[in-house]
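If you read the sequence shown in this note's numbering, its first letter stands for residue 4, the second for the next number, and so on. Beta carbons are placed, not taken as given, at the ideal position from N, Cα and C, and that holds for glycine. A quick note: this is a predicted structure, and the numbers were derived from the prediction, not measured.
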Amino acid sequence: MKEERKIRIVMKKDVKLNKPILIAGLPGIGNVGKLVVEHLRNEFDGVRFATIYSSHFPHRVVMLKNGGVRLVSNRFYILKNRKKNGSDIVILSGDDQAVTPEGQYEINMRIVEFFKDKLKGEFIYTIGGYSTAEAVAGTPRVFGNATNKNVIAQFKGSKVLFGKSKGTIWGSAGLIIAFAKMSNLDGICLMGETAFADFDPSAAKAVLSVLAERLGLSIDTKNIDKMISKTTNAIKQLEQQLGMGFQMPQQQGGPQNPEHPNYIR
Numbered sequence: 004m005k006e007e008r009k010i011r012i013v014m015k016k017d018v019k020l021n022k023p024i025l026i027a028g029l030p031g032i033g034n035v036g037k038l039v040v041e042h043l044r045n046e047f048d049g050v051r052f053a054t055i056y057s058s059h060f061p062h063r064v065v066m067l068k069n070g071g072v073r074l075v076s077n078r079f080y081i082l083k084n085r086k087k088n089g090s091d092i093v094i095l096s097g098d099d100q101a102v103t104p105e106g107q108y109e110i111n112m113r114i115v116e117f118f119k120d121k122l123k124g125e126f127i128y129t130i131g132g133y134s135t136a137e138a139v140a141g142t143p144r145v146f147g148n149a150t151n152k153n154v155i156a157q158f159k160g161s162k163v164l165f166g167k168s169k170g171t172i173w174g175s176a177g178l179i180i181a182f183a184k185m186s187n188l189d190g191i192c193l194m195g196e197t198a199f200a201d202f203d204p205s206a207a208k209a210v211l212s213v214l215a216e217r218l219g220l221s222i223d224t225k226n227i228d229k230m231i232s233k234t235t236n237a238i239k240q241l242e243q244q245l246g247m248g249f250q251m252p253q254q255q256g257g258p259q260n261p262e263h264p265n266y267i268r
């Protein structure tokens with residue numbers, strides 16, 4: 004198949020951006036990345052300006068409320084910075100990630116090229132979940148892995164923990180940062196600590212707190228707090244139904260020692 008048919012980035016509108024930064028959050032462990040970027044998009048009225056279509060995405064379509072369908076895609080949104088000379092924020096969200104190693108490499112490389120060459124981007128954040136083997140007590144921690152020592156130094160004194168995460172970062176959260184490094188772009192992967200495979204708003208809130216401090220954003224977390232409350236209540240109900248303490252299922256793909264959590268996407 005021709006390369007342009009494997010991956011297509013369709014521009015809905017031309018945009019003029021000022022020193023843009025990218026925040027990428029796609030489905031993965033705990034859906035932490037997607038929860039973060041969707042919250043930002045809704046909070047700051049993000050406007051979609053480009054869409055990625057690819058045969059590397061899963062072979063399915065999304066059913067719409069009006070009875071129609073659309074292709075699975077990843078989408079770029081712009082959050083304009085109202086401060087003079089402030090950096091505009093580009094959000095990357097989406098339905099799925101590529102399902103093959105080839106697709107992961109090709110799509111994520113294209114994302115970095117698009118951001119750097121077309122949008123003249125300057126910094127990249129990727130967001131994901133860092134999977135632990137047991138329930139998280141208190142506020143989830145945020146782990147970071149960056150493109151270079153200078154980026155790590157920029158986060159000195161923040162809540163981001165460097166050098167504590169172990170294992171590998173699968174999918175877009177890791178590959179986008181790796182390709183950013185190869186393209187001489189600064190970037191960081193922020194991972195919220197989670198024990199949930201499918202949905203963890205608490206981990207997302209922890210990452211949002213870091214972004215708010217770093218980017219000088221005032222982020223209303225009421226919707227996230229409602230999700231946290233619902234999740235907590237659902238677990239309590241499950242505990243009552245089981246008549247015993249809730250135990251998280253063992254996760255595949257990495258060590259289960261709580262001292263060695265494993266991150267997958």
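Counting only residues of its own chain and dropping the five nearest sequence neighbours on each side, Y56 has a CB closer than 7 angstroms to the CB of R11, V13, L74 and S76. If you look at V65, you'll find it in the beta strand (DSSP E) that goes V64 to M66. In the assembly as shown, V139 is a buried residue. Its beta-carbon has 16 or more other beta-carbons within 10 Å.
Less than 8 angstroms divides the Cβ of V18 from the Cβ of F52. Counting only residues of its own chain and dropping the five nearest sequence neighbours on each side, N151 has no CB closer than 6 angstroms to any other CB. The beta-bridge partner set that DSSP reports for D189 consists of F126. Under the three-state reduction of DSSP output, T135 falls in the coil class, being neither helix nor strand. According to the DSSP secondary-structure assignment, V115 is paired through a beta bridge with no residue. Taking C-beta separations shorter than 6 angstroms and ignoring five residues to either side along the sequence, the partners of G124 in its chain run P23, L25 and F118, following chain order. If the five residues before and after N84 are omitted, its C-beta is found closer than 8 angstroms to the C-beta atoms of N21, S90, D91 and I92, all from its own chain and listed in chain order. Taking all protein chains shown into account, E196 has 16 or more neighbouring C-beta atoms within 10 Å of its C-beta and is therefore buried. The beta carbon of T142 is closer than 8 angstroms to those of S205 and A209 in its chain, skipping five residues each way along the sequence. According to the DSSP secondary-structure assignment, Y56 is paired through a beta bridge with R11. Cβ-Cβ distances below 6 angstroms link V154 to D189 and I191 in the same chain, with the five nearest sequence neighbours on each side left out; the list follows chain order. Pairing F126 with G28, the inter-Cα distance amounts to about 15 angstroms. Going by beta carbons, N187 and H42 fall outside the 8 angstroms limit. For P61, the closest C-alpha among the options I32, Q107 and K86 is that of Q107.
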